[in-house]
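Trainee:
Residue numbers (the numbering used here): 34 to 273.
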């Protein structure tokens, strides 16, 4: 149950970001900067909270298989959703006009599942959630919800539809976190390591396919610097 609550907490940041993006007019450059920062935060969490821990459990073979599999699975589903109209689900501009609402909803759930499962998996070793992972996902979810809600509003989505979608995604992330803990809790360490790496691979693929393009679209030459700042903040949190 605790894993589910932590997952919902991290997922609720999507709703917080959506509320900010819907009710407050924010410059595109600021939205993109926040997105770049969130990307850096997640990259750090992938490296130090997931990949490193997975390696400590079982070594290179399991980590490599899981990491590549996660990226392949996410990319395959993402390509399918892109063809169905969910390609620009995290964009804040007029790209949302090209998107299908159902594809956006399914894609948003897809983006949140690997992160949430990762939260549950970090609880298996020691029974305590990795606060660095939770905080990293929470911080990265705010700009995701913010950017998407700006685009949804421009494309004619009503407030109740936008907030309802992100509340639903938050609920799904809670269930995914709970599943990440309960389903894998008694499995051999090799499988746990593989699934941690799988979640990491899926998250990194999501970042490059959805978050980083939005960040670069407005920040351009500053995107790298802002991403680095997000990375170091998350790294420091993981060591405190």
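Glycine included, each C-beta is placed from N, C-alpha and C at the ideal position.
According to the Cβ coordinates, are residue 39 and residue 142 closer than 8 Å?
Mentor: Their beta carbons are not under 8 Å apart, which means residue 39 does not touch residue 142 by this criterion.
Trainee: Quick check on the DSSP output: the alpha helix (DSSP H) that includes residue 166 runs from which residue to which?
Mentor: From DSSP, the alpha helix (DSSP H) with residue 166 extends over 164 to 187.
Trainee: Return the chain-ordered list of same chain residues with a C-beta closer than 8 Å to the C-beta of residue 41, the five sequence neighbours on each side being excluded.
Mentor: Excluding sequence neighbours, residue 41 sits near 203, 204, 206, 207 and 210.
Trainee: To the nearest angstrom, how far is the alpha carbon of residue 179 from that of residue 101?
Mentor: For residue 179 and residue 101, the distance between alpha carbons rounds to 29 Å.
Trainee: Grab me the residues of residue 110's own chain with a C-beta within less than 7 Å of its C-beta, minus the 5 sequence neighbours each way, in chain order.
Mentor: Answer for residue 110: 143, listed in chain order.
Trainee: For residue 214, which option in 229, 200 and 201 has the closest C-alpha, if you only look at C-alpha atoms?
Mentor: Nearest of 229, 200 and 201 to residue 214, Cα basis: 229.
Trainee: What is the residue span of the alpha helix (DSSP H) that residue 236 lies within?
Mentor: Per DSSP, residue 236 belongs to the alpha helix (DSSP H) from 222 to 239.
Trainee: Can you tell me the Cα-Cα spacing of residue 237 and residue 57, whole angstroms?
Mentor: C-alpha separation (whole angstroms): 29 Å.
Trainee: Which residues mark the beginning and the end of the alpha helix (DSSP H) in which residue 203 is found?
Mentor: Run containing residue 203: 192 to 215, per the alpha helix (DSSP H) assignment.
Trainee: Between residue 66 and the rest of its own chain, which residues show a CB-CB distance below 8 Å, the 5 nearest in sequence each way excluded?
Mentor: So the qualifying residues of the chain are 248, 251, 252, 255 and 259.
Trainee: Among 181, 231 and 63, which has the Cα closest to the Cα of residue 51?
Mentor: Taking only the C-alpha atoms, the option nearest residue 51 is 181.
Trainee: To the nearest angstrom, how far is it from the Cα of residue 174 to the Cα of residue 87?
Mentor: Looking at the two C-alpha atoms, the distance is approximately 23 Å.
Trainee: Since residue 272 contacts residue 90 with CB under 8 Å, what's their CB separation in whole angstroms?
Mentor: Not a contact, Cβ separation roughly 20 Å.
Trainee: Tell me whether the beta-carbon of residue 152 lies closer than 8 Å to the beta-carbon of residue 162.
Mentor: Yes, Cβ-Cβ distance for residue 152 and residue 162 is below 8 Å.
Trainee: In angstroms with no decimal places, state the Cα-to-Cα distance between residue 267 and residue 43.
Mentor: The straight-line gap from Cα to Cα measures roughly 15 Å.
Trainee: Distance, Cα to Cα, residue 199 vs residue 192?
Mentor: Approximately 11 Å between the Cα atoms of the pair.
Trainee: Roughly how many angstroms lie between the CA atoms of residue 105 and residue 115, to the nearest whole one?
Mentor: Taking the straight line joining both Cα atoms gives about 15 Å.
Trainee: Please state the DSSP three-state secondary structure of residue 246.
Mentor: Residue 246: helix per DSSP, three-state reduction.
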